[in-house]
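FYI, my numbering numbers position 919 of the first sequence as 920, with every residue one higher than the one before it.
Remarks on the structure that follows.
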Amino acid sequence: MPDTRSLAPQFDPAAVETAVYQRWVDAGVFAPDDDADAEPYVIVIPPPNVTDRLHMGHGLNNTIQDLLIRFERMRGRKALWLPGTDHAGIATQNVVERLIAKEGKRRQDLGRDAFVERVWTYVHETGGTILEQLKAIGSSCDWGRTRFTLDETYSRAVRHVFVALYRDGLIYRGYRVIHWCPRCHTALSDEEAEFRDTEGKLYHVRYRIAGDAAEQKAGSTAEETAEETAGAAGGAEGAEGAARQGGSGADASAVPPFRRSAEWLTVATTRPETMFGDVAVVHHPEDERYAGLAGTMVEIPLSGVRIPVATSSVVERDFGTGLLKVTPAHDANDFEIARMIDPDGEMPGIMTADATMADVARVPADLRGLDRFEARRRIVEQLEAQGLLEKVEPHPHSIRHCYRCGTVVEPRLSDQWFVRMQPLADPALAAYRAGELTFVPERWGAVYEHWLTEIRDWNISRQLWWGHRIPAWYCDVEGCGHITVAETAPSTCERCGGAVRQDEDVLDTWFSSWLWPFATFGWPDATEDLARYYPGHTLVTAPDIIFFWVARMVMGGYHFLGKRPFDTVFLTGIVRDTQHRKMSKSLGNGIDPLEVVRGYGADALRYTVLTGAAIGTDVLLDPADLETSFAAGRNFANKLWNVGRFILTNLAPGTPDLSAVDPQTFELADRWILSRCQATIAETTVALERYRLNEAVGALYHFVWDELADWYVEQVKPRLYGDVPGGDVAPAVLAHVFGTVLRLLHPAMPFVTEELWGALPGTHEPVLAGARWPQADDGLRDEEADARFALVQDLVGAVRNIRAEYGVAPGRTVRTFVRPATLDTAEGCNAEQRTIERLARIETLTQGHAPSGVGAHAVLRDGSAVFVPLGDAIDVARECARLRDEVARIETQLAAVVRTLENERFLAKAPADVVARERAKESSWREQRATLAEKLRVLGC
RNA sequence: GGGCGAAUAGCUCAGCGGUUCAGAGCGCCUGCCUUACACGCAGGAUGUCGGGGGUUCGAAUCCCUCUUCGCCCA
């Protein structure tokens, strides 16, 4: 703890933060008293990826959580902030794969067990990093309850859920087209395959009509056509040959563009490389352009494979040519169409897991092994050479990319595990509609609702090694084929007793994350913690994981525990740079929060993100200019520090508690600051309760700087220095007000407040983090003092303004005359004469009529006249101009008020208090105008 | 294609139908090292609140529309 007498003139965050944090840990304030008879308040942290390093997103998010948990802790609730990390399947596996790649190895070289072991080693070495970094920004998590999504107990919950859902028929194995990342080599959920706008092309490709009609027209036979395409498949030379032969059937170059000829149909596609997997060409049944074509066979260009023309009502007639090629193994929509046309039809795959062209009969030999995009380029060349490419149009569209590595996703037909979501979504939707779940800001509720309404089944299997292995075992016995799903590994098939082998895949990371609000408390066991701390209260997270995480936690909470996991979802903004780009590692536009902590202090970081985080707005920071972003917070912490330094060094050891001071001995300024202090308590508390965090911090900033420091501390100096009597009262008031400020500011800026708290004399809780939140004392609210002191401030301001305007040297004092228009000004001047004189550098403040002579004039808001005789310093013309400007300003205001008050309908319809306020304004403006008019007359303007 | 958000001072943004409501911080200008703080003090300048229309006694605030930018979903 700091020595009261030796506080440094500048707050040095680096010198105190570690020790302050240790003080909290030693005091044990982060762990709730489990047995306390208090209402719990629970936040579960959005577990950062175990390999993550702290970035500003974490900085924002965790500052908000810490502020909320500290606030409720001080309000006496049993506050638990549960920390932990997520194993982050793909992300972590990718990190370690990159590591071993530096050794020239792939995970396959190590084998599954060795690779997973390697990941564990990595996690054990570096996994605690982000949690340590959270401490640097002051996070008051209950570290004793830290969880990891791959902990044994947590894994048990994951298996339990899988088995339970499987037995309820809510998990099933399905053969579907899923999103496949050819780089990560795994399936992805819909949410993990992000749309990105892309400048694509729409290729209009001619599919030759096979059969009699074409033969008559083209004078060729089906056999010949097949030979042609066989030649085309023979490589570059073959392609040229095919091009030449194309001319033998019809002069391609002479044919005008058309949708349909007797010889071919033109199909528009964005992905020509998939055409070898086509099983049909379809058009809308009512599309007259293609009437009567159904059943006709056409040939896939370059391969010559024959496929039928069919109809489907899902085809958009206006898109492309109205003809759609159906590639069931490489497009989810096409898969559905193909199943409708022919449920038993073949669904040929023509690409490998790497998204290269497969070595299969349907793919022309010269294209096999090529990357899909290279294949597309070659195919387009060949089509063009053969006159089969009618045209190419630019086609901007959105295509899906892997959310982890950015690779274009390849739709792929495969066996995967799915969760049937509708039955889980219904209660989550109903609960939201019943008001059991509140989103802040509210609009995100609509996003949540829309997603749940349109929910689709969730692909949860991932072809990775790092994660929860799927607890399903396949029986290899001929004719059995049973799948045993169990929490613990079976030794044999539960049906036939045969040998079993476990599914190779792991579960989607989010399949464990969605259990976070209760699996962290030991569920499915009925633990004491679960009873105490579930359901939780506030979830703080970014809106981009509403689907991934938030909605699924709600579904899981209701399904498995019958209760919501939290009552409020607070969605933060996103941290962006000045070009509004999301801060990210890849863009290199990030700000390292630890660098900010080093340079400006954790409190400054917190101050900046809190003031920048008005509800629902993104936080914009300039990575190139930390000073602009963080100086304000640093300066404010330093201001508070210096107010503290002033107060603490001036408090006598025997400073009485405020309650021991006779209120009769309060001066006007004491009454005023105590009154303002109560208002600030109320304002801050309400703002925090409403999640208006920036307003809470703003109110405190204003109170500390503009009221306490600028006015009260200045007012009190003569009393503290013993120049005037009343030396006991002021310290008591200062101690009370400053102690209150430290409490109020603690959730936002815990370090500087705690450090100052340690130096605060008197009896109080030993650790501020464990201190109680102030209660506003309405007995100290004092409207009269508010009004009178406001006029004192007004008067000082008026004189300062005059001094500056006329360039009065700072050291020179002036005489000032004030003619009070109201009792408030008269009493304010009586009570605070010395303060006014000192702060405005007035030699003597005299009440009454101004003497004759040349001087500067001003008018206070209540119409009180102020006169500062300045003799030669005054340029009368300039003074006249100054006053006329002032009159003009007042006239404008007055005119507006008069207009309002002359409006009959306003008087009839507006509430009485509003009308009264307008009348008060009117009289105020009139007073001021009258005063100024007189001044102008006196000056002879 | 559907939805959401934003547009206010040079910059970043608050502003919740009615407080002297057109604001804060930063930046800028002037003057001050006044024994808590130069990370400070005092004073000052800067705006068609994106355009247009409407509702209302009253609109930066609510509604409609247009423009520009951003995000989400399909």
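Heads up, the beta-carbon is just placed ideally off N, CA and C, and yes, glycines get one too.
V206 beta carbon less than 8 angstroms from that of L453: no
Candidates I803, R290 and A431, of which the one nearest T322 by Cα: R290
Would S314 be called buried (16 or more neighbouring beta carbons within 10 Å of its own) or exposed? exposed
In chain order, what residues of the same chain lie with their CB nearer than 6 angstroms to the CB of F667, ignoring the 5 residues before and after it? none
Go through its chain and collect everything with a Cβ distance to L368's Cβ below 6 angstroms, but skip five positions before and after it. M358 and A376
Exposed unless 16 or more other CB atoms sit within 10 angstroms - verdict on K103: exposed
Out of curiosity, what's the CA-to-CA distance linking R890 and L933? 12 angstroms
I'd like to check one pair, F752 with P14: are the Cβ atoms closer than 8 angstroms? yes
Okay, do the region 304 to 314 and the region 274 to 281 touch, 3+ Cβ pairs below 8 angstroms being the bar? yes
DSSP has E195 in a bridge; who is on the other side? H402
Minimum length 4: unbroken alpha helix (DSSP H) runs contained in the region 652 to 730: 669 to 690, 694 to 702 and 714 to 721
Helix, strand or coil, according to DSSP, for G85 in the structure here? strand
Limits of the beta strand (DSSP E) - the one that P870 falls within: A866 to P870
Tell me, to the nearest whole angstrom, how far the beta carbon of V541 is from that of I131; I am working on the premise that it is less than 8 angstroms. Not a contact, Cβ separation roughly 16 angstroms.
Assuming contact is defined by CB atoms lying nearer than 8 angstroms, are R413 and V178 in contact in what I supplied? yes
Separation of T817 from L669, as counted between CA atoms: 21 angstroms
I'd like to check one pair, L649 with L721: are the Cβ atoms closer than 8 angstroms? no
In three-state DSSP terms, what is E596? helix
Take every Cβ of the region 17 to 34, pair it with every Cβ of the region 518 to 530, and state whether three or more of those distances are shorter than 8 angstroms. no
Reference V361, options E488, D372, P349 and A354, closest by Cα: P349
For D269, three-class secondary structure by DSSP: The sequence shown places Ala at residue 269, not Asp. Here A269 sits in strand by DSSP.
Among the residues of its own chain, which have a CB less than 7 angstroms from the CB of R533, if the five just before and after it don't count? D35 and P41
Just list the beta strand (DSSP E) runs in the region 728 to 816, keeping only unbroken ones of 3 residues or longer that don't cross its boundaries, in chain order. none
Rounded straight-line distance, which links the Cα of V51 to that of A89: 7 angstroms
Between which two residues does the alpha helix (DSSP H) holding R533 run? E529 to Y534
Applying the criterion that 16 or more other CB atoms from any shown protein chain within 10 Å of the CB defines a buried residue, is D252 buried or exposed? The predicted model places D252 with a pLDDT of 39, which falls under 50 and marks its position as unreliable; any figure quoted below should be read in that light. Flag for D252 reads exposed.
From R635, V730, A733 and T845, pick the residue whose C-alpha is nearest to that of M750; which is it? R635
Measure from the alpha carbon of A211 to the alpha carbon of each residue in W459, W265 and R496, then state which is nearest. W265
Where I308 sits in the DSSP three-state scheme: strand
Please go through the region 277 to 363 and give each complete beta strand (DSSP E) segment of 3 or more residues, from N-terminal end onward. 281 to 284, 298 to 300, 307 to 312 and 324 to 327
Only counting runs of 3 or more residues, tell me where the beta strand (DSSP E) segments fall wholly within the region 414 to 484, in order along the chain. 439 to 441 and 473 to 476
Taking W466 as the reference, which of L611, C185 and M298 has the closest Cα? C185
Do the CB positions of E519 and T539 come within less than 8 angstroms of each other? The residue you asked about is not Glu; residue 519 is Phe in the sequence shown. No, these two residues do not count as a Cβ contact at 8 angstroms.
Please say whether A799 and L745 have beta carbons closer to each other than 8 angstroms? no
Does DSSP put W517 in a helix, in a strand, or in coil? helix
If we call anything under 8 angstroms between Cβ atoms a contact, is L425 one with M554? no
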